[in-house]
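Numbering (the numbering used here), first residue to last: 44 to 186.
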């Protein structure tokens with residue numbers, strides 16, 4: 044008899060990289076994250092803009108919590124802040140072990156809700172759950 048599937052959970056967080064990251068460094072980070080996420084059954088999306096990260100991770104709760112704790116302890120991050128967490132009925136990024144968007148100022152201008160990002164940073168997205176909504180909007184552009 045098969046065990047019932049574990050309930051799904053998601054966490055949306057933001058953090059500040061200690062140093063700016065080059066394209067090569069971001070690529071290496073993504074390769075490692077995607078391999079880990081595939082093995083652990085994690086899906087999600089990572090956004091990077093001028094040292095700031097915002098990420099949505101989804102999967103089994105214990106696995107997601109363990110990953111978030113590793114991120115909090117990672118010396119490459121500072122100011123890790125959980126914007127949202129909770130149960131979800133279905134995955135939002137089912138086809139992505141880690142979707143990724145490196146946003147520049149031109150791209151930001153094209154998205155409603157990003158107007159204040161350049162001045163206020165990703166923290167501006169924590170208001171009114173805009174961060175998750177924008178991640179989901181970016182997902183649509185990637186598919």
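Just so it is clear, CB atoms sit at the ideal spot from N, CA and C, and this is done for glycine as well.
Pair every Cβ in the region 139-146 with every Cβ in the region 112-123, then say whether three or more of these pairs are closer than 8 Å.
-> no
Boundaries (first-last residue) of the alpha helix (DSSP H) holding residue 115 | 104-116
Assigned exposure category for residue 68 - 16 Cβ within 10 Å defines buried = exposed
Residues bridged to residue 129 by DSSP?
-> 53
Helix or strand or just coil, what does DSSP make of residue 68?
-> helix
Would residue 94 pass as a contact of residue 71 if the rule is Cβ separation under 8 Å?
-> no
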